[in-house]
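The listed protein sequences derive, respectively, from chains A and B.
My numbering numbers the first residue of the first sequence as 13 and each following residue consecutively.
My numbering numbers the first residue of the second sequence as 2 and each following residue consecutively.
Just so you know, even glycine gets a beta-carbon here, dropped at the ideal spot from N, CA and C.
Model, not experiment: these values are computed from the prediction.
Here the structure is laid out as structure tokens; the discussion comes afterwards.
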Amino acid sequence: MSPPETEAGTLRVSDLHVSYGRSVQALHGVSLTVPQGRIVAVLGSNGAGKSTLLRAVSGTLALHRGTVDSGTVHFDGVRLRGDATRSVAAGVVQVPEGRRIFGALSVEDNLKAGFLGSARRSRAELRADRDRVFTQFPVLAERRRQAAGLMSGGEQQMLAMGRALMAGPRLLLLDEPSLGLAPLMVRRIAEIIREINAQGTSILLVEQNAAMALELSDRASVLDVGQVRLEGASADLAAADEVRRLYLGESYGTGCGAPDADAPYATSASTPAVTGPGLTELGRWNG
Amino acid sequence: MIKFAETVLNGLALGSVYALIALGFVVIFKASGVMNFAHGSLLLFGGYVTARLHDAIGFIPAVLVGAALAAALAGLVQLLATRGLRGAEIHTLTILTIGVDVLLSTELNRQVGADYLTMGDPWGADVTRLGSITVADARMASIVVAVVVIGAFFAAFRWSRWGLSMRSAAADPEAAALMGIRLDRVRLIAWCVAGALAAVAAVFLAAFPAPGLDRTTSQIALSAFPAAILGGMDSAVGALVGSLVIGLTAAMAAGYQNELSVLGAGFADVAPYLVMVLVLLVRPTGLFGSKELTRV
């Protein structure tokens with residue numbers, strides 16, 4: 013099957029089966045397409061296979077002793093065979109879950125490390141890319157000499173994204189970019205994802221924060237124990253009963269359910285920190 | 002006072018040679034997580050090549066060939082470990098280096114026999130007098146060469162693409178792989194660099210006042226081991242500082258052994274390990290060992 017013209021810049025995952033070791037099967041025939049310039053979200057709970065899917069695309073399965081048993085990954089009509097360096101050279105760059113910045117290195121060295129896998133070599137290109145990242149993330153310019161590990165979680169997420177942008181991605185893979193961030197910072201990261209996409213980079217977004225992911229993306233797939241359970245336009249999925257119940261935490265919005273679990277803490281006089289504003293922030297993101 | 006100055010200079014010279022060895026240990030450990038127990042044999046191999054070739058091709062070329070072959074041999078060990086035993090645990094690879102050490106040292110012992118091989122170095126047994134202080138030229142040379150070689154290493158580590166790849170891969174191999182950095186290549190180069198450093202160190206371990214290269218030279222090289230551990234095992238700066246501390250300690254204990262005779266005749270051999278244990282009691286991760294720089 014030779015790639016037609018429409019394959020340009022498209023990620024196409026076809027019937028992918030992945031296992032870890034001999035017995036643990038993580039993906040059972042997952043298919044997914046990210047057309048050029050689009051944002052596609054993958055939702056699912058822990059263990060659904062979201063990270064495994066990204067590893068198969070970025071070529072880091074081997075580092076986790078995983079193997080592709082069958083199925084293919086194509087980007088831009090070229091088959092990706094599980095070699096991270098080749099994936100990066102082809103323009104597929106992943107921002108890992110938990111940010112994974114190089115903590116002891118300076119902010120600037122982190123960005124330079126992002127440039128190492130890029131096909132481009134010259135110092136002028138390095139500087140141009142770095143300045144573009146500094147324009148997008150002014151806080152990184154302010155802290156360029158600081159050890160990256162000393163920045164806040166949100167700043168580290170920005171650095172992780174800036175580092176990936178240094179490789180000149182045509183498709184950016186984002187693994188849980190909102191993980192562990194305060195609601196305001198989640199909003200900021202969402203804006204940044206939109207900006208990056210507006211500049212022409214396609215995005216495959218893996219998230220547990222379904223509200224954010226569905227708001228940002230054009231299409232979305234819901235993974236469940238290694239299979240695509242639902243797939244469709246994000247607006248349709250956001251309206252689907254099943255998604256609302258499973259991933260958007262309907263019960264939160266009505267004021268019962270989960271908040272009750274916090275009741276013992278809320279009644280404790282010594283910890284009055286869990287109060288209204290925090291919950292309304294949550295509500296905004298869940299609704 | 003004269004004796005003290007001479008002892009300090011001897012200590013610095015010894016420390017500079019240890020630094021060449023300890024840096025190799027640390028580079029390999031940082032890049033691949035493997036404690037290379039074959040390092041002493043690699044060193045002996047590099048020295049042996051230099052000793053055999055210097056008559057035919059001259060001293061400097063012989064050292065360069067020795068360094069190149071030791072680098073190649075170290076690279077071969079790494080290729081064997083990654084290609085032949087893909088997916089093996091780090092501990093397995095560490096034990097593999099013990100096997101390599103046994104094989105190499107057995108064969109080299111057979112080749113060297115009971116001889117002392119001269120390195121053909123230009124310093125011979127010459128000494129220089131600085132005022133009333135007397136120093137062996139070979140020791141001055143070892144300090145100069147070590148400063149130049151180690152300076153070049155640190156410059157590459159800090160500013161070159163390889164250095165950044167190396168630091169990234171050591172900090173987080175998976176994140177580095179996601180940046181397109183080839184982990185296999187970074188590790189291979191690290192092993193080669195360590196092999197070359199060890200071969201250079203062999204020249205100075207065998208130079209005056211040592212009688213020449215013999216089969217115990219690889220055991221002397223093991224004295225650099227406490228230097229690497231003392232410095233923190235995963236810190237290049239630590240290896241440097243640790244080596245100087247160990248070198249000075251060894252030289253002091255040897256130079257003042259009459260004053261220290263109450264501690265026993267062989268105290269100079271034990272002193273480096275004693276310092277290592279004392280430092281580890283206070284700082285379990287070594288002087289410059291990884292302290293996690295994270296804020297949650």
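At the C-beta level, residue 179 of chain A and residue 167 of chain B stay beyond 8 Å of one another. Chain order gives no chain B residues near residue 189 of chain A, where near means a beta carbon separation below 8 Å; the closest approach is about 14 Å. Taking the C-beta atoms as reference points, residue 198 of chain A is found no nearer than 8 Å to residue 56 of chain A. When 7 Å is used as the limit between beta carbons, residue 182 of chain B is near these residues of chain A: 128 and 129, in chain order. Separation of residue 144 of chain B and residue 214 of chain B (C-alpha to C-alpha, rounded to the nearest whole angstrom) is 19 Å.
In this structure, residue 85 of chain A sits near residue 25 of chain A, with a CB-CB distance shorter than 8 Å. By the C-beta density criterion, residue 68 of chain B is buried, having at least 16 other C-beta atoms within 10 angstroms.
Under the DSSP assignment, residue 148 of chain B falls in the alpha helix (DSSP H) whose first and last residues are 138-160. Using a CB distance cut-off of 8 Å, residue 74 of chain B does not count as an interface residue toward chain A.
Residue burial annotation: residue 259 of chain B is exposed, with fewer than 16 other C-beta atoms found within 10 angstroms of its C-beta. At the C-beta level, residue 269 of chain B and residue 155 of chain B stay beyond 8 Å of one another. The Cβ atoms of residue 44 of chain B and residue 224 of chain B lie no closer than 8 Å to each other. Per DSSP, the beta bridge partners of residue 78 of chain A are A:32.
Contact between the segment 17-25 of chain B and the segment 194-208 of chain B is established, with three or more Cβ pairs separated by less than 8 Å. Each residue's CA atom was taken as its position, placing residue 255 of chain A and residue 175 of chain B some 33 Å apart. Contact annotation: residue 123 of chain A and residue 175 of chain A have beta-carbon atoms nearer than 8 Å.
Residue 39 of chain B has its alpha-carbon roughly 8 Å from the corresponding atom of residue 103 of chain B. Taking all protein chains shown into account, residue 58 of chain A has fewer than 16 neighbouring C-beta atoms within 10 Å of its C-beta and is therefore exposed.
Leaving aside the five residues that flank residue 287 of chain B on each side, the residues in its chain whose CB is nearer than 8 Å to its CB run, in chain order, 230, 231, 232, 233, 234, 236, 239, 243, 280 and 281. Note that the C-beta distance between residue 126 of chain A and residue 165 of chain A is not below 8 Å. Straight through space, the alpha carbons of residue 168 of chain A and residue 162 of chain A are spaced by roughly 9 Å. Rounded to whole angstroms, the gap between the alpha carbons of residue 119 of chain B and residue 142 of chain B is 16 Å. Residues of the same chain with a CB within less than 6 Å of the CB of residue 93 of chain A, apart from the 5 flanking positions on each side, do not exist. Relative to residue 52 of chain A, the option among A:226, A:258 and A:236 whose CA is nearest is A:226.
Selection B:59, B:51 and B:194 evaluated against residue 30 of chain B yields B:194 as nearest (Cα-Cα).
For the pair residue 30 of chain A and residue 222 of chain A, the Cα-to-Cα distance works out to about 24 Å. Judged by their CB atoms, residue 271 of chain B and residue 246 of chain B are not nearer to each other than the 8 Å cut-off. With its beta carbon at least 8 Å from every one in chain B, residue 57 of chain A lies outside the interface. By the Cβ neighbour-count rule, residue 92 of chain B is exposed, with fewer than 16 other Cβ atoms within 10 Å of its own. Taken through DSSP and simplified to helix, strand or coil, residue 111 of chain B comes out as helix. Counting only the Cα atoms, residue 122 of chain B lies some 43 Å from residue 129 of chain A. Within the model, the alpha-carbon separation for residue 108 of chain A versus residue 283 of chain B is close to 37 Å. Proximity of chain A to residue 138 of chain B at the Cβ level (cut-off 8 Å) is not reached, the minimal Cβ distance being about 40 Å.
Look at the beta carbons and you see the segment 244-255 of chain A not touching the segment 62-82 of chain A: under three pairs across the two are nearer than 8 Å.
Among the residues of chain B, none has a CB under 8 Å from the CB of residue 93 of chain A; the nearest is roughly 15 Å distant. Any Cβ of chain B closer than 8 Å to the Cβ of residue 124 of chain A would place that residue at the interface, and such an atom is present.
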